[in-house]
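In order, the protein sequences belong to chains A and B.
Going by our numbering, the residue at position 250 of the first sequence is 250; the numbering climbs one at a time, nothing skipped.
Going by our numbering, the residue at position 46 of the second sequence is 391; the numbering climbs one at a time, nothing skipped.
By construction, the Cβ of each residue, glycine as well, lies at the ideal position given by its N, Cα and C atoms.
Here the structure comes first, spelled out in structure tokens, and everything after it is commentary.
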Amino acid sequence: MDETVAEYIRRTVLKIPRDEIKPMLQKWGFLSEAQLQTINFHQLKDNISQDVVQLCEENSADIKQAAVLDIIYNHTYPNKRVWSVYQMNKTGEEMDFFDLTDFKKKIKRQLRSALKNVTITFREYEDNAIWIRIAWGTPYTKPNQYKTSYVVYHSQTPYVFISASMLKSNLPLLCQALVVASNYHDIREMELRSHSLNSLKDIVFKRYSQNFQTYYPKPLQERDVAPESDLRIIQENKNEKERIERVNREIFGDGPQPKLEFAQYKLETMFKSDPKRDVLDKKEPFRCLVKFSSPHLLESLKSLAPAGMADAPLSPLLTCIPQKARNYFKIREKKGLFPGSFVSP
Amino acid sequence: HLATSLPLPSERDHLRPRIDMIVFMIDIKSKYSLKNVEASLAYVDASFFLGKVCFLVTGVGRVNCCSIEMNAVWKLGEIYCSPVLFCELEMEGIRVATAQRLLRMLQICAGHVPGVSALSFGSLMRNSAND
């Protein structure tokens, strides 16, 4: 077995939390159950990984099998990577029948014709998700297994989730390959990025609880707030508190929010000052970047008004994030009758 | 009665009993909380400042998250002739002890402790703080 493959398998196993190593190896299916029985999973992880490599040696593992183990690891722990969302467009309305084999063949052909050395691995999962792992090389160097890109494509949708590695230069090639293989015409990057792959899916597939416009008043029973902690405590601003709760619920809905870590606003707006205190000689737009970050951005925005840290309702620039399916915005000057700013597409 | 700021909403005026003591809570982590208290003080009748007002600074367990100028808080106590107490709400022991202190002060302010008026108690607290 190639030394590089052995080292790669060893490092991949080391990434897995100890209790998950055996289940993941079973999912992988490359080592037999009998072989797995011979490993002591209670020893140090260093030793477990050595044992695994030893057994892989016996089975003559090559890079293809090692790549499958890597896909399984990343499918189980997708949140360790940053994912960007891309949307593909086709001009016709015809729904071509999706042929998985054809898709795979085209991807391989597109990528291999450009760079001879790439490792491409596919794995299909439930809900029509196709995972593609690509290790990039050049016509002169072997693929770097540690700098991989991942693509998750749901064949019944025009959406692709890409976790590119450092090698941004290969991104256009990858996008081109996806468009050709899936019979679309073009692909564009939606300005939507996060660590949480499932949350990105929730946003684009509209699986989160949205604020539907309900035209019927809430039944009286529902208005029963959580039981007061102590009847002797009287909230003077109860009306305002309830208004904030109601407005918040209308904006954010009742369920859990999709998990995003950032919202970024790039401002290219003119500095508006008192004309008497004209600060700038040149009438150039001010360039400014505002970035909100949080372990769970949308939940923290939802809790701002009830915590008394912001007015309700919040600015639509913040609350439009799930509906617009983007968290990176460019705000430019609005030209025309109304001074102000608008969000560019 | 808990309120987020003053003045109190007028629609509840008829439901409110006599106010014996006002405790202004300042969160050490929030500049906004100090500003809010400063703004609310303007709505308090002068007679309350004869021993019926107290400032409670919370969150003192997390001194490294301190966002307000402690000098500003001391000054507030001086200007309004009212005591400044400190506590950490997240620790049960301190929380209970602080509540007991406030309750004792409230008893005095409401006139339930014979021989001790709010004003005399207030000046007692001020003098001992200056020592």
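Under 9 angstroms by beta carbon: chain A residues contacting residue i
i, result
"residue 446(B)", "By Cβ distance, chain A contributes nothing, its closest Cβ being about 18 angstroms from residue 446(B), past 9 angstroms."
Proximal residues of chain A, C-beta to C-beta of residue i below 7 angstroms
i, result
"residue 357(B)", "236"
Rounded C-alpha distance that separates residue i from residue j
i, j, result
"residue 87(A)", "residue 28(A)", "31 angstroms"
"residue 219(A)", "residue 10(A)", "Bear in mind that a pLDDT of 45 at residue 219(A), under 50, signals an unreliable position, so the number given afterwards is only what the model happens to contain. C-alpha separation (whole angstroms): 60 angstroms."
"residue 192(A)", "residue 304(A)", "23 angstroms"
"residue 25(A)", "residue 47(A)", "15 angstroms"
"residue 470(B)", "residue 383(B)", "22 angstroms"
"residue 320(A)", "residue 326(A)", "8 angstroms"
"residue 31(A)", "residue 190(A)", "41 angstroms"
"residue 312(A)", "residue 177(A)", "46 angstroms"
"residue 405(B)", "residue 412(B)", "11 angstroms"
"residue 330(A)", "residue 323(A)", "16 angstroms"
"residue 272(A)", "residue 264(A)", "22 angstroms"
"residue 259(A)", "residue 299(A)", "8 angstroms"
"residue 67(A)", "residue 188(A)", "28 angstroms"
"residue 146(A)", "residue 135(A)", "7 angstroms"
"residue 184(A)", "residue 84(A)", "19 angstroms"
"residue 314(A)", "residue 346(B)", "28 angstroms"
"residue 373(B)", "residue 268(A)", "36 angstroms"
"residue 16(A)", "residue 73(A)", "7 angstroms"
"residue 204(A)", "residue 162(A)", "14 angstroms"
Residue-chain proximity (residue i, chain B), Cβ-Cβ < 8 angstroms
i, result
"residue 332(A)", "no"
"residue 248(A)", "no"
"residue 233(A)", "yes"
"residue 239(A)", "yes"
"residue 337(A)", "Here the model assigns residue 337(A) a pLDDT of 42, short of 50, so the residue's position is not dependable and the matter cannot be decided."
Contacts of residue i in chain B (Cβ-Cβ under 7 angstroms)
i, result
"residue 48(A)", "What residue 48(A) touches in chain B: nothing, since even the nearest Cβ is about 41 angstroms away."
"residue 308(A)", "349"
Beta carbon proximity, residue i to chain A, threshold 8 angstroms
i, result
"residue 349(B)", "yes"
"residue 459(B)", "no"
"residue 353(B)", "yes"
Beta-bridge pairing of residue i - partner residues as DSSP gives them
i, result
"residue 288(A)", "267(A)"
"residue 194(A)", "83(A)"
"residue 293(A)", "262(A)"
"residue 235(A)", "347(B)"
"residue 89(A)", "186(A)"
Residue-chain proximity (residue i, chain D), Cβ-Cβ < 8 angstroms
i, result
"residue 367(B)", "Of the protein chains in this structure, namely A and B, none is chain D."
### Task
Could you name each continuous beta strand (DSSP E) segment of 3 residues or more that falls completely within the segment 92-178 of chain A, going from the start of the chain to the end?
118-125, 129-136, 148-154, 159-163
### Task
Only counting runs of 4 or more residues, tell me where the alpha helix (DSSP H) segments fall wholly within the segment 358-435 of chain B, in order along the chain.
376-386, 415-424
### Query
Where are the alpha helix (DSSP H) runs, 4 residues long or more, that stay fully inside the segment 46-85 of chain A, in chain order?
63-76
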